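Chemist: Below you will find the structure I want to go over with you.
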Amino acid sequence: MIQESEYKNRREAFAKSLKKGSVSVLFSAEYQTRSHDTHYPYRQNSNFYYLCGFTEDRAALVFVKEKKDTKIYLFVYKKEKQEELWNGKRLGKERAKELFDLDDVFDESELTAKLKSFLDTKIKRLYYDFKLDYSKVKLLKRYAKEVECFQNAATIIERMRLIKSDAEIALIKKALHITKTAHHRAMKKVKELEYEYELQAEFEYMFKKQGAQSDAYTSIIASGNNANTLHYIQNSDKIAPDRLILIDAGCEYNYYASDITRTISSSAKFTKAQREIYTLVLDVEKAIIAMVAPNVLRSALQKKAEQLLCQGLVDLGILKGEVQKLLKKEAHKKYFPHGIGHWMGIDVHDQCPYKDTKGKEIPLQKGMVLTIEPGIYIDEHDKTVAKKYRGIGIRIEDDILVTENGYENLSKAIVKEIKDIESLASS
Ligand code: GLY
Ligand code: MN
Ligand code: MN
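So for the sequence shown, my numbering puts the first residue at 436; every next one is plus one.
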């Protein structure tokens, strides 16, 4: 649980970054249409959530900073019998006033009038999330006639989101605990399941069963050559025997993601060729995780991963030539085309900056969480590669916390040694 005092500290830190003579408006997410009049399950906007933890739609958080002090207001949808009959209970402004440590809480119906009055002639600057949909921006701009400068509020919040608090790390650990049980269950059940979507169902069952709200992203259950489509989410194929299955699946627990890939065998036992590629990817993953520490650059992790994978591909005869020359030609990118990892937190690809305001890469610091996820992908039609390796796609992904002196692998309890995967599959 994240306490209101922590949200309050975040709002104060955000307010401190704002220029005097400014108004900032952050809106809650809107329901997304699935088709006609049905909607996807509601998910709060991450930046809005980060500053207040409020999970209803039709809400806004407003910061008014005329001089040094900042007034902070929340707008919430009113409690209304008919609306609650159809769509569920609302918190309402009276209860919100008790729960949130704010200057005031208003009904959302008052937002337009209040914005008009906040955006008076003393206000020269308006902050909002530049990724907002256009109708909301239009509304804001209509009332901001005297405003001379528009700034992106998201940039400030996303910089704050880079460093995770103890409470946030605890939630990521909880998400990973649930994700672990799901991956282990999949490893155990793999031999009895016929279709990729059956495996997906096991994940969704285990996530929900243990109180996760949803998956943090649509699960990738890619058997055989499907693993060579990086964002394969159809999960519709029959699983053939003796094939690998790349499973990239993680739950979201109380707004915190987990992001885990394991690659397992459909027949419980890895073939020799599968084992060779798997061992290369696993060795590289371990080597890169071991490099994680404060002041290390993510680009250094990327470079090292590319070198090691390229060397391994040469050793296996998949790439031919001198490693340095192949790296220069980027020949290895045919088999490892993606990044070594990304920030993770409220979003699976946490929307935090990779560069500072001067465009310089931000080094790792204590409290950051990132994934490490090397992979090798060899298309089944790649005639330049020995037949035994074709159709193999392997990724191994863990979630890593940067600590004071190094790192903590938050997902180390999810098995990834071949012998452990095989032993679960035959148990
Ligand atoms: N699950 C998406 C990723 O690994 O980045
Ligand atoms: Mn990832
Ligand atoms: Mn992933």
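Where a beta carbon is used, it is the ideal one built from N, C-alpha and C, also for glycine. Predicted model only: the values in this text are computed from it and were never measured.
Could you tell me which residues DSSP pairs with V458 in its beta bridges?
Modeler: Counting from one through the sequence shown, the residue named residue 458 turns up at place 23. Per DSSP, V499, L561.
Chemist: With distances taken from CA atoms, which of K768, I437, L762, R530 is nearest K599?
Modeler: Reading the sequence shown from its first residue, position 164 is the one you call residue 599. Minimum Cα distance to K599 is reached at I437.
Chemist: Between I604, L606, D555, which has its C-alpha nearest E583's C-alpha?
Modeler: Taking the sequence shown and counting its residues from 1, the one referred to as residue 583 is at position 148. Checking every option, the nearest Cα to that of E583 belongs to D555.
Chemist: With distances taken Cα to Cα, identify the nearest neighbour of D834 among A692, K793, E441, A722.
Modeler: Within the sequence shown, numbered from 1, the residue matching residue 834 stands at position 399. With distances taken between Cα atoms, D834 lies closest to A692.
Chemist: When you compare each of P676, L461, E491 to K566 by their alpha carbons, which one comes out closest?
Modeler: Start at 1 with the first residue of the sequence shown, and residue 566 comes out as number 131. Among P676, L461, E491, the Cα nearest to that of K566 is on L461.
Chemist: Kindly list the residues whose CB is nearer than 8 Å to the CB of T616, restricted to its own chain and excluding five residues on each side of it in sequence; keep chain order.
Modeler: Along the sequence shown, read from residue 1 onward, the residue named residue 616 stands at position 181. Excluding sequence neighbours, T616 sits near M641, Q645.
Chemist: Hey, would you say D672 sits closer than 8 Å to S658, going by beta carbons?
Modeler: For the purposes of this step, residue 672 is identified with residue 237 of the sequence shown, where counting begins at 1. For the purposes of this step, residue 658 is identified with residue 223 of the sequence shown, where counting begins at 1. Result yes, Cβ atoms of D672 and S658 sit closer than 8 Å.
Chemist: Starting from the Cα of S861, find the closest Cα among S702, P476, A588 and give me that residue.
Modeler: As a working mapping, residue 861 is identified with position 426 in the sequence shown. Comparing Cα positions, the closest option is S702.
Chemist: Check whether chain B comes within 8 Å of S481, counting only Cβ atoms and requiring the distance to be less than that.
Modeler: Considering every chain present, this structure includes no chain B. It has just one protein chain.
Chemist: Any chance you could list the alpha helix (DSSP H) runs of at least 4 consecutive residues sitting entirely within the region 460-529, in chain order?
Modeler: Counting whole runs of 4 or more residues, the region 460-529 contains the alpha helix (DSSP H) stretches 481-487, 516-522.
Chemist: Can you pull every residue whose C-beta falls closer than 6 Å to some heavy atom of ligand 2, listed in chain order?
Modeler: Residues flagged by the Cβ proximity filter: D694, H777, T806, E808, E832.
Chemist: Three or more C-beta pairs closer than 8 Å, one from the region 836-850 and one from the region 725-742: is that the case here?
Modeler: As far as the Cβ criterion goes, the region 836-850 touches the region 725-742, which means the pair count is three or higher.
Chemist: Pull up the DSSP beta-bridge partners for G828, would you.
Modeler: Sequence index remark: in the sequence shown, residue 828 carries index 393 (1-based). Answer is Y812.
Chemist: Would you say D472 and Y508 are within 8 Å of each other, going by their C-beta atoms?
Modeler: Here residue 472 is taken as the residue at index 37 of the sequence shown, counted from 1. Here residue 508 is taken as the residue at index 73 of the sequence shown, counted from 1. No.
Chemist: Excluding sequence positions up to five away, which residues of its chain have a Cβ less than 8 Å from the Cβ of H619?
Modeler: As a position in the sequence shown, residue 619 is number 184, starting the count at 1. Taken in chain order, the residues that qualify are I849, V850, L859.
Chemist: Could you compute how far the alpha carbon of K764 sits from the alpha carbon of G747?
Modeler: What you label residue 764 is simply residue 329 of the sequence shown in a count that begins at 1. What you label residue 747 is simply residue 312 of the sequence shown in a count that begins at 1. For K764 and G747, the distance between alpha carbons rounds to 16 Å.
Chemist: What residues are listed by DSSP as bridge partners for C584?
Modeler: Looking up residue 584 in the sequence shown gives position 149. BP columns for C584 point to R560.
Chemist: Given a cut-off of 8 Å, decide if H474 and Y484 are closer than it, judged by their beta-carbon atoms.
Modeler: As a first step, residue 484 is located in the sequence shown; it is residue number 49 there, counting from the start. As a first step, residue 474 is located in the sequence shown; it is residue number 39 there, counting from the start. Not in contact: Y484 and H474 (Cβ atoms no closer than 8 Å).
Chemist: Can you tell me whether V783 sits near ligand 1, meaning its C-beta is under 7 Å from at least one heavy atom of the ligand?
Modeler: In the sequence shown, counting from the first residue as 1, residue 783 sits at position 348. True, at least one ligand heavy atom lies under 7 Å from that Cβ.
Chemist: Quick check on DSSP: helix, strand or coil for K790?
Modeler: Within the sequence shown, numbered from 1, the residue matching residue 790 stands at position 355. In this structure, K790 counts as strand in the three-state DSSP scheme.
Chemist: CB-CB under 6 Å to G776, same chain, minus the five flanking residues each way: which ones, in chain order?
Modeler: One-based indexing of the sequence shown puts residue 776 at position 341. Hits under 6 Å: L805, T806, I807, E808.
Chemist: Could you tell me the distance, in whole angstroms, from the CA atom of A636 to the CA atom of D694?
Modeler: In the sequence shown, residue 636 corresponds to position 201, counting from 1. In the sequence shown, residue 694 corresponds to position 259, counting from 1. Their Cα atoms are separated by approximately 17 Å.
Chemist: Since I believe T505 is in contact with V499 (beta carbons under 8 Å), could you give me their beta-carbon distance rounded to a whole number of angstroms?
Modeler: Position 64 of the sequence shown, counted from the first residue, corresponds to residue 499. Position 70 of the sequence shown, counted from the first residue, corresponds to residue 505. About 7 Å; that satisfies the 8 Å criterion.
Chemist: Of the residues K739, K704, Y789, which one's Cα is nearest the Cα of V719?
Modeler: Walking along the sequence shown from the start, residue 719 turns up at place 284. Nearest of K739, K704, Y789 to V719, Cα basis: K739.
Chemist: Apart from the five residues on each side of it in sequence, which residues of its chain come closer than 6 Å, Cβ to Cβ, to R678?
Modeler: Taking the first residue of the sequence shown as position 1, residue 678 is located at position 243. The answer, listed in chain order, is S658, G659, S701.
Chemist: If we ignore side chains and look at the alpha-carbon of each, how far apart do V716 and E852 end up?
Modeler: By 1-based counting over the sequence shown, the position of residue 716 is 281. By 1-based counting over the sequence shown, the position of residue 852 is 417. The straight-line gap from Cα to Cα measures roughly 11 Å.
Chemist: Quick check on DSSP: helix, strand or coil for K551?
Modeler: Walking along the sequence shown from the start, residue 551 turns up at place 116. Helix, per DSSP.
Chemist: Comparing alpha-carbon positions, which option in Q786, I674, S570, P798 lies nearest E631?
Modeler: To locate residue 631, count along the sequence shown from 1; it is residue 196. It is I674 whose Cα lies nearest to the Cα of E631.
Chemist: With distance defined between alpha-carbon atoms, name the residue in R445, A448, Q786, T490 nearest to A464.
Modeler: Locating residue 464 in the sequence shown gives position 29, counting from the first residue. Answer by Cα proximity: T490.
Chemist: Any chance the CB of Y652 is under 7 Å from a heavy atom of ligand 1?
Modeler: For the purposes of this step, residue 652 is taken as the residue at position 217 of the sequence shown. Yes, the beta carbon of Y652 sits closer than 7 Å to at least one heavy atom of ligand 1.
Chemist: Mapping DSSP to helix, strand and coil, what is E839?
Modeler: Counting from 1 along the sequence shown, the entry for residue 839 is found at position 404. In the structure shown, E839 sits in coil (DSSP, three-state: anything other than H, G, I, E or B).
Chemist: In the DSSP assignment, find the unbroken beta strand (DSSP E) run with T698 in it and report its ends.
Modeler: Position 263 of the sequence shown, counting from 1, holds the residue named residue 698. Unbroken beta strand (DSSP E) run through T698: 696-700.
Chemist: With respect to 7 Å, is the separation between the Cβ of L696 and the closest non-hydrogen atom of ligand 3 below this value?
Modeler: Sequence index remark: in the sequence shown, residue 696 carries index 261 (1-based). Here residue 696 turns out to be Thr, not Leu, going by the sequence shown. T696 Cβ: within cutoff of ligand 3.
Chemist: For R530, which option in D492, V820, L634, K513 has the closest C-alpha, if you only look at C-alpha atoms?
Modeler: Here residue 530 corresponds to residue number 95 of the sequence shown, with the count starting at 1. Comparing Cα-Cα distances from R530 to each of D492, V820, L634, K513, the minimum goes to K513.
Chemist: Using alpha carbons as the reference points, say which of G826, H784, G810 lies closest to R596.
Modeler: Counting from 1 along the sequence shown, the entry for residue 596 is found at position 161. The shortest Cα separation from R596 among G826, H784, G810 belongs to H784.
Chemist: Can you list, in chain order, the residues of its chain with a C-beta nearer than 7 Å to that of L836? Leave out the 5 residues immediately preceding and following it.
Modeler: For the purposes of this step, residue 836 is taken as residue 401 along the sequence shown, with counting starting at 1. Counting only Cβ-Cβ distances below 7 Å, and skipping sequence neighbours, we find I604, V804, Y842, E843, L845.
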